[in-house]
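Data block below; observations after.
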Amino acid sequence: MQKRALSIQDISCVGRCSLTVALPIVSAAGIETAILPTAVLSTHTGGFTGYTFRDLTEDIEPIAAHWKSLNLRFDALYTGYLGSHEQLALVADMFDAFGGQDTLILVDPAMADLGKLYPAFDTSFALGMRDLCARADIIVPNITEACFMLEQDYPGEDYDQVFIEQTLRALAALGPKRAVLTGVSFEAGRLGAAAYDANSNEMMYYFTERIPKNYHGTGDVYASALLGALLNGADTYAAIRIACEFTLGAVRRSYVAQSESHLGVDFEHELPELIRMIQEL
Ligand code: PXL
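Following my numbering, the numbering of the sequence shown begins with 126 at its first residue and continues without gaps.
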């Protein structure tokens with residue numbers, strides 16, 4: 126039977142992040158993708174000014190209650206950018222209502238990058254996000270988000286393999302059996318992800334060429350491809366590889382086209398490649 130995922134994150138109408146990225150990517154992976162928008166913004170909050178923001182916190186409980194009455198089930202619950210502090214508790218309730226043995230819970234603690242929290246969040250939100258991550262099966266923070274949740278100093282680009290592995294073990298100790306750290310680089314010109322599986326006590330790395338420009342929404346592109354691969358039976362290593370290659374392909378296209386970084390990456394033209402990699406699993 127076709128799998129069904131639920132993605133819980135905002136709709137940033139323009140800017141290619143959160144749901145405008147998750148919905149097409151997870152769908153392209155062959156997964157029926159239901160959505161629960163946490164907020165509607167005219168654009169995302171990074172690199173634009175004057176954006177509108179409609180908080181949908183009040184809609185979450187009634188939507189969940191309706192779905193419960195329909196006996197809906199999901200093979201995965203995938204959360205990203207949340208619209209308010211209160212949504213952390215509401216999403217935890219959704220995990221209780223729709224989670225279970227056969228449901229993969231993936232939390233992308235989309236709240237910070239490059240050493241800083243996004244404009245809407247504070248450190249208390251970061252600790253709330255840590256508690257939400259504790260309830261996940263797999264989490265996908267970048268190094269900044271990991272540092273905020275673990276209350277440790279952000280090292281910038283100055284870290285080594287020992288730091289990454291301690292961080293991954295500390296993340297898994299919060300509760301999730303698997304942790305994936307994105308934006309990891311040990312040498313100039315190479316960038317990738319590191320993952321830890323607490324069940325097998327295995328550390329994994331996957332690196333690609335590093336394109337010398339940062340684009341918005343790449344964390345969301347990465348997490349969405351990761352989920353798509355996992356739901357198609359990829360093991361952790363295959364999933365981080367597919368997500369790295371897919372994200373690199375999208376970033377490279379935008380770099381070659383000299384696109385503006387706040388408009389996100391050209392993942393659209395990379396979707397056939399994602400499908401090919403998933404079919405080869
Ligand atoms: O890509 C993460 C993200 C998602 N949604 C909104 C954002 C951001 C990052 O800035 O502002 C609204």
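Note that the Cβ used here is the ideal one computed from N, Cα and C, for glycine as well.
Here the structure is a predicted model, which means the values were calculated and not measured.
Which of helix, strand or coil does DSSP assign to residue i?
{"i": "PHE250", "result": "helix"}
{"i": "GLU183", "result": "helix"}
{"i": "PHE311", "result": "coil"}
{"i": "SER384", "result": "coil"}
{"i": "TYR243", "result": "coil"}
{"i": "ARG260", "result": "coil"}
{"i": "PRO301", "result": "coil"}
{"i": "ALA201", "result": "strand"}
{"i": "CYS138", "result": "strand"}
{"i": "ILE365", "result": "helix"}
{"i": "ARG335", "result": "coil"}
{"i": "THR163", "result": "strand"}
{"i": "SER132", "result": "strand"}
{"i": "LEU231", "result": "strand"}
{"i": "LEU275", "result": "helix"}
{"i": "GLY374", "result": "helix"}
{"i": "ASP218", "result": "helix"}
{"i": "GLY317", "result": "strand"}
{"i": "PHE173", "result": "coil"}
{"i": "LEU352", "result": "helix"}
{"i": "TYR284", "result": "coil"}
Considering only heavy atoms of the ligand PXL, does any lie closer than 7 Å to the CB of residue i?
{"i": "LEU351", "result": "no"}
{"i": "CYS258", "result": "no"}
I think residue i touches residue j, with their Cβ atoms under 8 Å apart; what is that distance to the nearest whole Å?
{"i": "PRO234", "j": "GLU270", "result": "5 Å"}
{"i": "ILE156", "j": "LEU356", "result": "5 Å"}
{"i": "VAL216", "j": "LEU207", "result": "7 Å"}
Closer than 6 Å to the ligand PXL: residues, by C-beta to nearest heavy atom, in chain order:
ASP135, SER137, CYS142, SER143, LEU166, HIS169, THR170, GLY171, TYR206, ALA235, TYR243, GLY342, GLY344 and ASP345
query: For the stretch 160 to 177 against the stretch 131 to 138, are there 3 or more C-beta pairs whose distance is under 8 Å?
result: yes
Next on the checklist: Assess contact between the stretch 202 to 212 and the stretch 357 to 377, defined as three or more Cβ pairs (one per stretch) separated by less than 8 Å. Is contact present?
Outcome noted: no
- Query: At a cut of 8 Å, does the stretch 319 to 336 reach the stretch 357 to 371 through at least three beta carbon pairs?
  - Reply: yes
(Q) I want to know whether the stretch 216 to 227 touches the stretch 299 to 319 - three or more CB-CB distances under 8 Å. (A) The stretch 299 to 319 and the stretch 216 to 227 do not touch, with fewer than three beta-carbon pairs separated by less than 8 Å.
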